[in-house]
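Written below as structure tokens is the structure these notes are about.
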Amino acid sequence: MRAIRKYGVLYAMMLPVVIYFIIYGYYPLARGLQISFQDYKLMGERPYIGFANYAAVWHDPFFWKALGNTVVIGGGILVFGFVAPLVIALSLNEVMTAWFKKTAQMLLYIPHLLSWVVIGGMWIFLLSPDTGIVNLVLHKVAGIEPIHFLAESTWARWVMILVSTWKDMGYSCILFLAAIVSINPSLYEAARMDGATRWQLVRFVTLPQLKGTMKVIILLNTLGVLRIFDQVFVLRNPSTSSHVDVLMMYTFQKGIMEMQVGVGAAASFFVLVFTLILTLAVRTLTRFDEVE
Amino acid sequence: MMRHANYGLNAKRMTVFDWLNALFIICLMLTMIIPFLNVISLSLSSGVASMRPDIILFPKEFSLEGYRTIWNSLDLWRPFLNSTIVTVFGTLLHVLLSSLAGYVLIHPRVPGKRLMITFILITMMIPQEAVLIPLYVVNKDFHLINTLTVLVLSGLVSGFSILLMRNFFMSIPYEISESAKIDGAGDFWIFAAIYMRLATAGLATVTLFEFVGRWNMFTAPLIFINDSSKYTLQVALKAMIIDSSTSSSNYLITTNVKMAGIMIAILPLIVIYPFVQRFFMKGIMLGATKE
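Chains as they are written, first to last, in this note's numbering: chain U, -3 to 288; chain Z, 221 to 511.
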């Protein structure tokens, strides 16, 4: 009681946040779990049907197709979204002209700030077969016939992966650069005393010192894999949907478009479980919690 | 100091590697510059010129007709207004609530502090996507579907912002708060008059993060809004410029109009970009190391 009187104002300051998290954080989670066991209709009776919704998802070939697409596209984004910024950061670090380095950093970061509608809208146009600049340039330079990048399923997946890498590489690049700057200079000093070349400095000093940052970036990006949605929603079209529709797209279609709310909720919980498994796997593989 | 930055090599002598490296970076920069230049030029071209298969890096037949059409004839001003309302109110409330909670968590002796932190950390582990469908149901129960309120409410508080604000508040010496308390100041006053003023950099960081996030918000309006008069800019643009190119609508929207729409959505973000430069980097580092 004394605590409440003494810290009453503080508790009052915390209250709105607590209420918000209960209503919009915890309650929907519980509600979702409940719905996933119900034959949920917007009106009338909502009988409990056990695991029927989960079974429906489990036996739906589209769900597994969506999982496969998520693995391919998400995996691609994970690999490219890790390698590209690392290479760029190392390359920028070799640049000795400060303004050039700064300008490059600033430019590379811009797409990360923009929404997927903007980025997607831009690239749909840039990649269009008749008037898109990519095909026009390809035709002029190499005489290649127009490619329907967004209509051919193999290309469409690559477009998802590469546009995503293009959009977000500036962000991870900044993390890498900041980590490189904070490496103890005496390590380079010592290596140079031993006659290390520029490449050897990168290979034996910079890269090992970046291990911690690499882990953070891998973990953050892994969490993003199962969340891919906006970009697919914007860049998909009927001719490629079966090759690019990811898990969140499946959930959205079931729960919101087809109004099979129970099935959609069950699918969400599959995604939640996959996220947990993936996070645990990455944490174990990278030995994230290991104290260095 | 300069020696460390370039590994002690002579900065004046450019090796073959340096030239190739510079070339690589220039190419990368071009992959950023050319698409944007293309979009800007098209938005400033005439309708006919923008539909021709030309490589356009400068406006052809300069005209503002694209902007005029999308703003007036296609009524883009309304979604723009909706987005502005949601972004401004949502950001202000988000910053205020996150700061309040962040301030509470800097006090070492508040009973239940551990519990509060755990409570917040758990919300950070629930992926928003996993509760998308239940959120729809919950908002429907509250009769919030098709209102701008639901867009202000979604993501109104985040554990990330709370912890970020807490970190900024922690950098202010705690003695200030203690001595103010001895002088008889209440916690709320200390928060408002001292902490909010001293943590300007933190406020700016969270405000910018939230501003960008809300302006770009897409999933929430897509799911919670069906009424086109409540559309936000992102959803309206998706319908105008993307759906119209795949479906055969009887009304042809020319390329310059579409690109003008994209430019209008980018504009507010370009205006704040200089501030982003100043505060984002710090915020990104704080966020990444604390997660």
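All residues carry an ideal CB built from backbone N, CA and C; glycine is no exception.
Predicted model, so just to flag it, every value in this text is computed and none were measured.
- The three-state reading of DSSP puts U:Q256 in coil, since its state is none of H, G, I, E or B.
- Take U:L197, set aside five residues on each side of it, and the residues of its chain with a beta-carbon closer than 8 Å to its own are Y184, A187, R188, in chain order.
- At a cut-off of 8 Å between C-beta atoms, Z:N241 counts as an interface residue with respect to chain U.
- Nearest in C-alpha terms to U:V221, of all of U:Q249, U:L11, U:V68, is U:V68.
- Here U:Q34 is bridged, per DSSP, to U:Y44.
- Within the stretch 395 to 411 of chain Z, the residues whose Cβ lies closer than 8 Å to any Cβ of chain U are, in chain order, G406, D407, F408, F411.
- Using a Cβ distance threshold of 8 Å, U:L25 and Z:V268 do not count as a contacting pair.
- In terms of Cβ geometry, U:V259 and U:A52 form a close pair [threshold 8 Å].
- Contact check between the stretch 148 to 165 of chain U and the stretch 105 to 117 of chain U: three or more CB pairs, one atom from each, fall below 8 Å, which counts as touching.
- Within the same chain, and ignoring the five residues on either side of Z:G379 in sequence, the residues whose Cβ sits closer than 6 Å to its Cβ are I340, T343, M344.
- Contact with chain Z is found for U:S111, since one of that chain's Cβ atoms lies less than 8 Å from the residue's Cβ.
- Shown in chain order are the members of the stretch 242 to 255 of chain Z whose Cβ falls below 9 Å from a Cβ of chain U: A242, F244, I245, I246, L248, M249, T251, M252, I253, I254, P255.
- When 7 Å is used as the limit between beta carbons, U:T271 is near these residues of chain Z: P347, in chain order.
- At a cut-off of 8 Å, the C-beta of Z:L352 has a neighbouring C-beta in chain U.
- Non-local C-beta neighbours of U:N89 in its own chain, meaning closer than 6 Å and more than five positions away in sequence, comprise I176, ordered along the chain.
- Per the coordinates, the alpha-carbon of U:R223 lies some 24 Å from the alpha-carbon of U:G208.
- The C-alpha of Z:I353 lies about 12 Å from the C-alpha of U:Y36.
- Residue Z:H327 holds the alpha-carbon nearest to the alpha-carbon of U:Y7 among Z:N241, Z:H327, Z:M252, Z:W297.
- Going by C-alpha positions, U:G251 is about 28 Å away from U:T150.
- Taking a C-beta distance under 8 Å as the contact criterion, Z:P488 and Z:W435 qualify as a contact pair.
- By the 16-neighbour rule on beta-carbons within 10 angstroms, Z:Q497 is exposed.
- Within the model, the alpha-carbon separation for Z:Q454 versus Z:S293 is close to 18 Å.
- For Z:M336, the C-beta contacts it makes with chain U under 7 Å involve M10, in order along the chain.
- For the stretch 46 to 96 of chain U, the full-length alpha helix (DSSP H) segments reaching 4 residues or more read 48 to 54, 57 to 89 along the chain.
- Along the stretch 296 to 360 of chain Z, the alpha helix (DSSP H) occurs as fully enclosed runs of 4 or more residues at 297 to 324, 333 to 345, listed in sequence order.
- Shown here for U:Y105: same chain residues with a beta carbon closer than 6 Å to its own, the five before and five after excluded, namely G166 in chain order.
- Of the residues U:P43, U:H108, U:F248, U:R232, the one whose Cα lies closest to the Cα of U:V267 is U:F248.
- Of the candidates Z:S283, Z:T475, Z:L472, Z:I461, Z:I461 places its Cα closest to the Cα of Z:L296.
- Taking a beta-carbon distance threshold of 8 Å, U:F121 counts as an interface residue toward chain Z.
- In the pairwise beta carbon analysis, the stretch 129 to 148 of chain U is classified as not touching the stretch 76 to 93 of chain U: fewer than three pairs are separated by under 8 Å.
- A Cβ of chain U is located within less than 8 Å of the beta carbon of Z:L457.
- Z:K478 is classed as buried because its beta carbon has at least 16 other beta carbons within 10 Å across all chains shown.
- Between the C-alpha atoms of U:Q205 and U:I179 there is a straight-line separation of about 7 Å.
- Across the structure, Z:M252 and U:Y23 are spaced so that their CA atoms are roughly 43 Å apart.
- Within the stretch 196 to 208 of chain U, those residues whose Cβ lies closer than 7 Å to any Cβ of chain Z are, in chain order, L197.
- Using beta-carbon distances, Z:T475 counts as an interface residue toward chain U, with a partner under 8 Å.
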